[in-house]
Amino acid sequence: MNKFHKLICIILCLAAVFALPLTALADEEETTNYFDYYGSDLDKEDEREKDKNAFDAASEFSDPNGRLLVVSNKGDWRNFPENSLEAVLSAFEKGADIVKVNVKQLKDGSFVLMADDTTGRTCYGGDDKPLKELTAEEIKKYRLLSGVGEKMSRQTNFEVPFLYDVLGAVQGKGMLMLDFDWALRDVLYNVVKDRDMLGDVIFYTEAKAKDIGEWASGLEVKPHIMSGYKSNIVFMIGSYIKKSFEGGAEAVRLATKNPYGVIFDNFTMKKFESVGRAAIDLTDPNLCGSREDTEKWWNDVVSRGYSIIITDYPEELSEYAKETEYAKTQLREAYKRYKEQWVLPEFKSYTFGDYKRAYLWAVSDAEEYLSGRVRSKYDYLTARAALERAAVNIEKNFTALQEGVAGLTITPPRILVAALSIIAVVSVQIYFHKKKKTEEKSVKC
58 MNKFHKLICI ILCLAAVFAL PLTALADEEE TTNYFDYYGS DLDKEDEREK DKNAFDAASE
118 FSDPNGRLLV VSNKGDWRNF PENSLEAVLS AFEKGADIVK VNVKQLKDGS FVLMADDTTG
178 RTCYGGDDKP LKELTAEEIK KYRLLSGVGE KMSRQTNFEV PFLYDVLGAV QGKGMLMLDF
238 DWALRDVLYN VVKDRDMLGD VIFYTEAKAK DIGEWASGLE VKPHIMSGYK SNIVFMIGSY
298 IKKSFEGGAE AVRLATKNPY GVIFDNFTMK KFESVGRAAI DLTDPNLCGS REDTEKWWND
358 VVSRGYSIII TDYPEELSEY AKETEYAKTQ LREAYKRYKE QWVLPEFKSY TFGDYKRAYL
418 WAVSDAEEYL SGRVRSKYDY LTARAALERA AVNIEKNFTA LQEGVAGLTI TPPRILVAAL
478 SIIAVVSVQI YFHKKKKTEE KSVKC
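Numbers in this note's numbering are just positions in the sequence shown, counted from 1, shifted up by 57.
Here is the structure:
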């Protein structure tokens with residue numbers, strides 16, 4: 058009986074020892090370099106990178122999967138008057154890819170950069186008059202005020218800029234986005250065309266998608282167009298996005314004051330895939346679900362699918378965009394390193410099931426982030442960390458197995474199996490102990 062007792066204990070102890078790896082049981086697979094399955098799209102992207110010369114904002118704007126674009130709202134208005142030529146040029150110097158300006162028409166047909174319909178808030182040197190009552194000669198007498206919002210109190214010597222002059226000054230520096238009255242589209246188009254700047258100007262409008270399409274289809278040279286729509290009704294948003302791109306728009310700015318609005322849903326963002334860019338304005342809480350114009354929320358909106366951000370902080374957002382590209386480069390290098398130099402070691406799937414699954418998930422995420430639309434800096438950094446951690450875990454634990462010590466991941470199911478095995482061993486010990494006592498009593502009797 059003692060021999061049988063010992064045999065049972067040995068069997069249960071062995072069961073406890075082998076319980077941890079056995080709970081990771083999976084179908085055994087052959088040794089594979091899993092990067093081979095994901096390399097083709099990235100190789101093509103690398104070729105595009107090699108052929109790309111200097112950064113071209115217009116080409117990037119037309120690419121649905123292009124890098125994050127920084128749009129400065131009214132230029133560098135913190136240091137210069139809003140919508141001034143100086144503010145526009147300063148924004149480009151601070152890294153903005155695009156500067157969004159407001160365009161108004163004067164009495165004689167000239168166009169100037171100004172957000173208001175009157176001169177009162179932004180100008181001094183003359184009476185507060187509607188722009189449509191002023192001529193080009195009369196507007197030249199005014200000078201611009203500098204400040205924030207309604208508190209435009211600092212007088213400057215800067216003049217009200219004419220669109221014609223601004224177009225010539227910004228050529229080659231970046232793109233100009235014109236926010237204008239839809240009724241002026243044809244005459245404004247001709248001004249831009251005469252300046253040979255159609256390739257560097259974006260016409261921004263909140264007109265109906267159908268009207269945009271009809272207008273663009275009748276033009277000899279189609280300009281860059283970004284439409285705008287504010288709503289929280291999912292089917293109306295989806296219809297507007299679809300019709301805007303069909304009509305010739307390359308980007309759509311969505312807006313809502315609802316922090317949980319449908320413009321932040323994955324369902325809505327999927328409508329932009331491979332067809333155009335999603336833009337968001339973080340300069341007004343009523344347009345972006347009360348999100349702030351900070352890195353925390355840049356990460357948020359880019360992760361959701363927005364690749365054009367209108368900001369009041371062009372320098373900071375430009376730096377974030379550069380850091381995002383660098384993080385993407387780091388992820389690509391890590392991806393290539395393991396594709397070209399690293400092969401999954403040959404092991405039994407049931408021994409390293411958890412590590413293998415983590416590795417495959419990390420590879421899949423990296424491939425998706427590198428071959429599709431732009432992701433946030435946080436997305437690229439976490440994807441790279443997950444990929445490197447998964448590979449290191451496999452290397453470390455496979456080495457341990459070769460040396461006779463298998464590195465295993467402790468998981469709830471494995472703890473449960475081990476605990477049950479220990480309980481079984483103890484139960485058998487108690488059973489045989491009681492049985493032995495009973496037999497001893499029987500002998501005495």
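Ideal placement from N, C-alpha and C gives every residue a C-beta, glycine not left out.
Handout entry: Cβ separation of V319 and L125, assumed to be a contact under 8 Å, to the nearest whole Å
Key = To locate residue 319, count along the sequence shown from 1; it is residue 262. To locate residue 125, count along the sequence shown from 1; it is residue 68. Incorrect: roughly 23 Å between the Cβ atoms, too far for contact.
Handout entry: Whole-angstrom distance between K279 and G516, CA atom to CA atom
Key = Lying before the first or after the last residue shown, residue 516 is absent from the chain, which here runs from 58 to 502.
Handout entry: Alpha-carbon spacing of D154 relative to T325, whole angstroms
Key = On the sequence shown, residue 154 is found 97 positions in, with the first residue counted as 1. On the sequence shown, residue 325 is found 268 positions in, with the first residue counted as 1. Their backbone Cα atoms lie some 26 Å apart in a straight line.
Problem - R430: first and last residue of the uninterrupted beta strand (DSSP E) it sits in - result: Indexing the sequence shown from 1 puts residue 430 at position 373. Neither: R430 is in no beta strand (DSSP E) and is coded neither H nor E.
Practice task
With DSSP collapsed to three states, give me the class of Q162.
Solution key: As a position in the sequence shown, residue 162 is number 105, starting the count at 1. In this structure, Q162 counts as strand in the three-state DSSP scheme.
Problem - Length-filtered (3 minimum) beta strand (DSSP E) runs lying within the stretch 312-361 - result: 334-338
Exercise for the section: For A391, count neighbouring C-beta atoms within 10 Å of its own C-beta (all shown protein chains included) and say buried if the count is 16 or more, exposed if not. Expected result: Translated into positions along the sequence shown, residue 391 becomes position 334. Buried is the call here.
Problem - Own chain, CB closer than 8 Å to S147, minus 5 neighbours either side, in chain order - result: Translated into positions along the sequence shown, residue 147 becomes position 90. Excluding positions up to five away in sequence, the list reads G132, D133, N136, F137.
Practice task
Provide the residue(s) that pair with N130 in DSSP beta bridges, ordered along the chain.
Solution key: Taking the first residue of the sequence shown as 1, we reach residue 130 at position 73. Partner(s): K157.
Practice task
Can you check DSSP and say which residues form a bridge with M232?
Solution key: Taking the first residue of the sequence shown as position 1, residue 232 is located at position 175. Note: M232 sits in a beta bridge opposite I155.
Practice task
Look at the alpha carbon of G333 and the alpha carbon of W272, and state the distance between them as a whole number of angstroms.
Solution key: What you label residue 333 is simply residue 276 of the sequence shown in a count that begins at 1. What you label residue 272 is simply residue 215 of the sequence shown in a count that begins at 1. If you take the alpha carbons of G333 and W272, they lie about 19 Å apart.
Problem - Proximity below 8 Å, CB of T381 to CB of Y297 - result: Along the sequence shown, read from residue 1 onward, the residue named residue 381 stands at position 324. Along the sequence shown, read from residue 1 onward, the residue named residue 297 stands at position 240. Not a contact, by the Cβ cut-off of 8 Å.
Handout entry: Spatial distance of D165 from D253 (CA atoms)
Key = To locate residue 165, count along the sequence shown from 1; it is residue 108. To locate residue 253, count along the sequence shown from 1; it is residue 196. Cα-Cα distance, rounded: 22 Å.
Problem - Cut-off 6 Å between Cβ atoms - residues of its own chain near W355, not counting five sequence neighbours on either side - result: Position 298 of the sequence shown holds residue 355. If we look at W355 and ignore the five residues flanking it on each side, its Cβ neighbours are Y377.
Handout entry: Helix, strand or coil at I196 according to DSSP, with G and I counted as helix
Key = Within the sequence shown, the letter at position 139 stands for residue 196. Three-state DSSP puts I196 in a helix.
Practice task
Compute the distance between the beta-carbons of S347 and K314, then report whether it is under 8 Å.
Solution key: Here residue 347 is taken as the residue at index 290 of the sequence shown, counted from 1. Here residue 314 is taken as the residue at index 257 of the sequence shown, counted from 1. Yes, they are a contact pair.
Problem - Contact belief for K186 with T175 at Cβ below 8 Å, rounded distance in angstroms - result: The count along the sequence shown starts at 1 and reaches residue 186 at position 129. The count along the sequence shown starts at 1 and reaches residue 175 at position 118. With 8 Å as the limit, K186 and T175 qualify as a contact, their Cβ atoms being about 6 Å apart.
Handout entry: Cβ shell of R361 (< 7 Å), same chain only, five flanking positions each side left out
Key = For the purposes of this step, residue 361 is taken as the residue at position 304 of the sequence shown. Result list for R361: F321, M326, in chain order.
Handout entry: Proximity winner among D236, G304, K287, relative to K267 (alpha-carbon distances)
Key = Numbered from 1 along the sequence shown, position 210 holds the residue referred to as residue 267. Out of D236, G304, K287, G304 has the C-alpha closest to the C-alpha of K267.
Practice task
Decide if N323 is buried, meaning its Cβ has at least 16 other Cβ atoms within 10 Å, or exposed.
Solution key: Locating residue 323 in the sequence shown gives position 266, where the first residue counts as 1. By the neighbour-count rule (16 or more Cβ atoms within 10 Å), N323 is not buried but exposed.
Problem - Proximity to N330 [Cα-Cα], best of V227, E425, A172, G152 - result: Numbered from its first residue, the sequence shown carries residue 330 at position 273. Inspection of the sequence shows that residue 330 is occupied by Glu rather than by Asn. Of the listed residues, the one whose Cα sits closest to E330 is E425.
Practice task
Go to M254, then tell me how far its beta strand (DSSP E) extends in each direction, as first and last residue.
Solution key: Residue numbering aside, residue 254 sits at position 197 when the sequence shown is read from its first letter. Here M254 belongs to no beta strand (DSSP E), and DSSP marks it neither H nor E.
Exercise for the section: Quick one: residues in its chain with C-beta nearer than 7 Å to the C-beta of S167, no 5 flanking neighbours on either side, listed in chain order? Expected result: Position 110 of the sequence shown, counted from the start, is the residue given in the question as residue 167. Excluding sequence neighbours, S167 sits near A193, F219.
Practice task
Please find out if some non-hydrogen atom of the ligand ZN comes closer than 7 Å to the beta-carbon of Y488.
Solution key: Absent from the structure shown: the ligand ZN. Ligands present: none.
Exercise for the section: Would you identify the three-state DSSP class for G225, choosing helix, strand or coil? Expected result: Along the sequence shown, read from residue 1 onward, the residue named residue 225 stands at position 168. If DSSP states are grouped into helix, strand and coil, G225 belongs with the helices.
Problem - V244 burial status per 10 Å Cβ neighbour count (16 or more: buried) - result: As a working mapping, residue 244 is identified with position 187 in the sequence shown. Label assigned to V244: exposed.
Practice task
List the endpoints of the continuous alpha helix (DSSP H) containing Y297.
Solution key: Position 240 of the sequence shown, counted from the start, is the residue given in the question as residue 297. Note, Y297: alpha helix (DSSP H), 291-303.
Handout entry: Inter-residue Cα distance where the pair is R432 and E452
Key = Position 375 of the sequence shown, counted from the first residue, corresponds to residue 432. Position 395 of the sequence shown, counted from the first residue, corresponds to residue 452. If you take the alpha carbons of R432 and E452, they lie about 29 Å apart.
Handout entry: Rounded C-alpha distance that separates T88 from R446
Key = Within the sequence shown, residue 88 is the residue found at index 31, counting from 1. Within the sequence shown, residue 446 is the residue found at index 389, counting from 1. Note on T88: pLDDT 38, under 50, position unreliable in the model; the coordinate value appears next. When rounded, the distance between both Cα atoms is 20 Å.
Exercise for the section: Please name the residue in G231, M293, Q212, T262 whose C-alpha comes closest to that of E307. Expected result: Against the sequence shown, residue 307 aligns to sequence position 250. Among G231, M293, Q212, T262, the Cα nearest to that of E307 belongs to T262.
Practice task
Would you verify that the beta carbon of V420 is, or is not, closer than 8 Å to some beta carbon of chain B?
Solution key: No chain B is part of this structure, which consists of one protein chain only.
Practice task
Would you mind sorting D338 into buried or exposed? The rule is 16 or more other CB atoms within 10 Å of its CB.
Solution key: Indexing the sequence shown from 1 puts residue 338 at position 281. So D338 counts as buried.
Handout entry: Classification of S375 by the beta-carbon crowding that lies within 10 angstroms, buried from 16 upward
Key = Here residue 375 is taken as the residue at index 318 of the sequence shown, counted from 1. By the neighbour-count rule (16 or more Cβ atoms within 10 Å), S375 is buried.
Practice task
Apply the 10 Å Cβ neighbour rule to N130 and answer buried if 16 or more other Cβ atoms are within range, or exposed otherwise.
Solution key: Counted from its first residue, the sequence shown places residue 130 at position 73. Buried, by the Cβ-count rule.
Exercise for the section: Work out the CA separation of L417 and S301 for me, nearest whole Å. Expected result: The sequence position of residue 301 within the sequence shown is 244, counting from 1. The sequence position of residue 417 within the sequence shown is 360, counting from 1. Distance between the alpha carbons of S301 and L417: 38 Å.
Exercise for the section: Could you check the C-alpha separation between G225 and N140 for me, to the nearest Å? Expected result: Along the sequence shown, one-based indexing puts residue 225 at 168. Along the sequence shown, one-based indexing puts residue 140 at 83. For G225 and N140, the distance between alpha carbons rounds to 15 Å.
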